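Colleague: In the working numbering, the protein residues as written are 159 to 564.
The structure is given below, and queries will be raised subsequently.
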């Protein structure tokens with residue numbers, strides 16, 4: 159991101175905003191993908207002068223003697239071969255580097271994962287992962303607290319392929335401690351057979367015939383962002399606690415009335431498959447993958463009032479003992495061909511320059527997929543969830559968690 163803010167007041171406002179996995183909102187007409195991703199790379203919490211607030215020292219790097227790397231990610235977030243029950247790109251990485259990759263789908267939500275590992279991170283201990291993949295706002299927290307190791311960019315030459323607008327995000331200037339994994343949208347989806355008329359708005363989720371068959375995300379900035387937009391709130395503007403409270407009251411009512419079956423992270427997918435859930439607030443790539451694997455049963459859409467765009471980030475935890483191996487893996491996935499291979503499977507927005515061209519050789523039809531390479535028209539409704547102060551984040555998060563029963 160350039161040091162000088164652009165003259166366009168809309169972009170000035172966007173660059174000051176905070177986003178999440180599952181956090182820039184569709185809606186500000188005329189904004190380019192570059193402008194949106196620049197905003198997506200901002201965080202609302204800030205960093206210390208050196209980006210590290212913690213006291214723990216980084217772990218000794220055993221990469222030279224231990225040729226392995228352990229990676230925690232979200233579900234359905236890496237290319238997977240059902241027949242061989244393997245991750246082809248990870249196998250290619252091991253073949254190219256000799257480093258064994260141990261991959262786990264351990265992350266179901268930012269807050270829940272942080273709660274599991276916070277004590278170990280604070281003590282500088284190994285959490286069993288050399289790479290973790292968390293959303294901008296949570297990445298900002300970990301970096302600020304000193305829970306991550308600084309990356310050696312000399313060992314990640316392909317990091318030069320990171321989209322220009324993501325190279326100097328405010329929560330990690332110069333990308334010293336993180337690299338973007340993927341970006342994507344949050345919106346609404348429904349079972350096409352059970353809801354033949356489809357859905358256009360968040361309010362459509364509250365139709366009587368869907369009672370007890372609706373699920374929403376446990377990511378506050380996504381569920382609350384969509385509900386605030388539905389209420390007419392400009393979430394990128396100077397909204398107050400009152401607007402948040404109004405949307406939270408709506409959410410609480412739908413939960414208490416039984417309209418909402420459950421509030422979940424990635425695990426909402428199993429309920430779509432089983433039929434327990436017929437309509438959801440969800441993440442874009444998940445629905446594309448579920449349709450591919452289960453017969454095109456669901457449809458994803460951005461609500462009329464707007465949906466969310468988010469970014470997740472690769473980071474090396476402070477106690478991880480295989481930092482150089484983790485950097486080798488990051489370098490591998492920043493090769494445009496490998497990035498396109500992943501994008502062809504996960505169907506999220508690829509942050510690697512050159513991947514679009516590489517996609518032409520892998521699957522030309524996907525070059526026109528707006529969930530991977532969105533057009534200006536698809537991005538024409540973008541709104542950004544503004545930065546939260548520390549007090550607001552504590553207050554809003556606590557109230558949201560209470561409302562959803564956590």
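Built from N, CA and C at the ideal position, the CB exists for glycine as well.
Predicted, not measured: the structure shown is a model, and the values here were computed from it.
With DSSP collapsed to three states, give me the class of residue 471.
Modeller: Position 313 of the chain shown, counted from the first residue, corresponds to residue 471. Of the three classes helix, strand and coil, the one that applies to residue 471 here is strand, per DSSP.
Colleague: Check whether the stretch 395-415 and the stretch 455-465 touch, using three or more Cβ-Cβ pairs below 8 Å as the test.
Modeller: Touching, no.
Colleague: Let's test the definition: count the other Cβ atoms within 10 Å of the Cβ of residue 373 and tell me whether it reaches 16, buried, or not, exposed.
Modeller: By one-based count along the chain shown, residue 373 stands at place 215. Classification for residue 373: buried.
Colleague: Given a threshold of 16 other Cβ atoms within 10 Å of its Cβ, counted over all protein chains shown, does residue 452 qualify as buried or as exposed?
Modeller: For the purposes of this step, residue 452 is identified with residue 294 of the chain shown, where counting begins at 1. Classification of residue 452: exposed, given that the 10 Å Cβ count is below 16.
Colleague: For residue 383, which three-state DSSP category applies?
Modeller: Your numbering for residue 383 matches position 225 in the chain shown. Correct three-state label for residue 383: helix.
Colleague: Pair every Cβ in the stretch 428-443 with every Cβ in the stretch 388-399, then say whether three or more of these pairs are closer than 8 Å.
Modeller: Touching, no.
Colleague: For the beta strand (DSSP E) that contains residue 530, what are its first and last residues?
Modeller: Here residue 530 is taken as the residue at index 372 of the chain shown, counted from 1. Looking at the DSSP string, residue 530 is not in any beta strand (DSSP E), and its letter there is neither H nor E.
Colleague: Mind checking whether residue 248 and residue 447 have CB atoms under 7 Å apart?
Modeller: What you label residue 248 is simply residue 90 of the chain shown in a count that begins at 1. What you label residue 447 is simply residue 289 of the chain shown in a count that begins at 1. No.
Colleague: Using a C-beta cutoff of 7 Å, does residue 383 count as contacting chain B?
Modeller: Among the chains in the structure shown there is no chain B, since it carries only a single protein chain.
Colleague: Tell me the rounded alpha-carbon separation between residue 395 and residue 535.
Modeller: By 1-based counting over the chain shown, the position of residue 395 is 237. By 1-based counting over the chain shown, the position of residue 535 is 377. The alpha-carbon atoms of residue 395 and residue 535 are separated by roughly 22 Å.
Colleague: Check each candidate in 343, 214, 505 and name the one with the smallest Cα separation from residue 449.
Modeller: To locate residue 449, count along the chain shown from 1; it is residue 291. Here the closest residue by C-alpha is 505.
Colleague: Between residue 285 and residue 475, is the Cβ-Cβ spacing less than 7 Å?
Modeller: Taking the first residue of the chain shown as position 1, residue 285 is located at position 127. Taking the first residue of the chain shown as position 1, residue 475 is located at position 317. In contact: residue 285 and residue 475 (Cβ atoms closer than 7 Å).
Colleague: On the three-state DSSP scale, how would you describe residue 302?
Modeller: Translated into the one-based positions of the chain shown, residue 302 becomes position 144. Helix.
Colleague: Taking buried to mean at least 16 other C-beta atoms within 10 Å of its own C-beta, is residue 298 buried or exposed?
Modeller: For this step, residue 298 is matched to residue 140 along the chain shown. Residue 298 comes out buried.
Colleague: With a CB to CB cut of under 7 Å and the five nearest residues on each side skipped, what residues in its chain are close to residue 594?
Modeller: An answer regarding residue 594 cannot be provided, because it is not within the stretch 159 to 564 covered by the chain.
Colleague: Taking the continuous beta strand (DSSP E) assigned at residue 341, which residues delimit it?
Modeller: The count along the chain shown starts at 1 and reaches residue 341 at position 183. Here the beta strand (DSSP E) through residue 341 covers 337-349.
Colleague: Are the CB atoms of residue 294 and residue 547 nearer to each other than 7 Å?
Modeller: Here residue 294 corresponds to residue number 136 of the chain shown, with the count starting at 1. Here residue 547 corresponds to residue number 389 of the chain shown, with the count starting at 1. No, these two residues do not count as a Cβ contact at 7 Å.
Colleague: Residue 465 and residue 344: beta carbons closer than 7 Å?
Modeller: Here residue 465 is taken as the residue at index 307 of the chain shown, counted from 1. Here residue 344 is taken as the residue at index 186 of the chain shown, counted from 1. The answer is yes: Cβ separation under 7 Å.
Colleague: Is it buried or exposed for residue 340, if we count other Cβ within 10 angstroms and need 16 for buried?
Modeller: In the chain shown, residue 340 corresponds to position 182, counting from 1. The residue is buried, with at least 16 neighbouring Cβ atoms inside 10 Å.
Colleague: Please state if the CB of residue 237 and the CB of residue 500 are separated by a distance shorter than 7 Å.
Modeller: To locate residue 500, count along the chain shown from 1; it is residue 342. To locate residue 237, count along the chain shown from 1; it is residue 79. For residue 500 and residue 237, yes; Cβs fall inside 7 Å.
Colleague: Decide if residue 342 is buried, meaning its Cβ has at least 16 other Cβ atoms within 10 Å, or exposed.
Modeller: Looking up residue 342 in the chain shown gives position 184. By the 10 Å Cβ count, residue 342 comes out buried.
Colleague: By how many angstroms is the C-alpha of residue 312 removed from the C-alpha of residue 442?
Modeller: Locating residue 442 in the chain shown gives position 284, counting from the first residue. Locating residue 312 in the chain shown gives position 154, counting from the first residue. Cα to Cα, residue 442 sits roughly 34 Å from residue 312.
Colleague: Could you tell me the alpha carbon to alpha carbon distance between residue 261 and residue 472, rounded to whole angstroms?
Modeller: What you label residue 261 is simply residue 103 of the chain shown in a count that begins at 1. What you label residue 472 is simply residue 314 of the chain shown in a count that begins at 1. Cα to Cα, residue 261 sits roughly 13 Å from residue 472.
Colleague: Give a yes or no on whether the C-beta atoms belonging to residue 283 and residue 216 are separated by under 7 Å.
Modeller: On the chain shown, position 125 is the one that residue 283 refers to. On the chain shown, position 58 is the one that residue 216 refers to. No, they are not a contact pair.
Colleague: By DSSP, does residue 427 sit in helix, in strand, or in coil?
Modeller: Taking the first residue of the chain shown as position 1, residue 427 is located at position 269. Looking at residue 427 - three-state DSSP - the assignment turns out to be helix.
Colleague: Once the 5 residues before and after residue 482 are set aside, which same chain residues still bring their CB inside 7 Å of it?
Modeller: Within the chain shown, numbered from 1, the residue matching residue 482 stands at position 324. The residues are 219, 221, 313.
Colleague: Buried or exposed, going by whether 16 or more other CB atoms sit within 10 Å of the CB of residue 561?
Modeller: Start at 1 with the first residue of the chain shown, and residue 561 comes out as number 403. The residue is buried, with at least 16 neighbouring Cβ atoms inside 10 Å.
Colleague: Which same chain residues end up closer than 8 Å to residue 370 when comparing Cβ atoms and leaving out the 5 residues on each side of it in sequence?
Modeller: Looking up residue 370 in the chain shown gives position 212. 416, 417, 419.
Colleague: Helix, strand or coil: how does DSSP classify residue 493 here?
Modeller: Residue numbering aside, residue 493 sits at position 335 when the chain shown is read from its first letter. Here residue 493 sits in coil by DSSP.
Colleague: Grab me the residues of residue 440's own chain with a C-beta within less than 6 Å of its C-beta, minus the 5 sequence neighbours each way, in chain order.
Modeller: Reading the chain shown from its first residue, position 282 is the one you call residue 440. Closer than 6 Å at Cβ, skipping near neighbours: 347.
Colleague: Spatial neighbours of residue 263 within its chain, please: C-beta separation below 7 Å, excluding the five flanking residues on both sides.
Modeller: Position 105 of the chain shown, counted from the start, is the residue given in the question as residue 263. Counting only Cβ-Cβ distances below 7 Å, and skipping sequence neighbours, we find 231, 232, 233.
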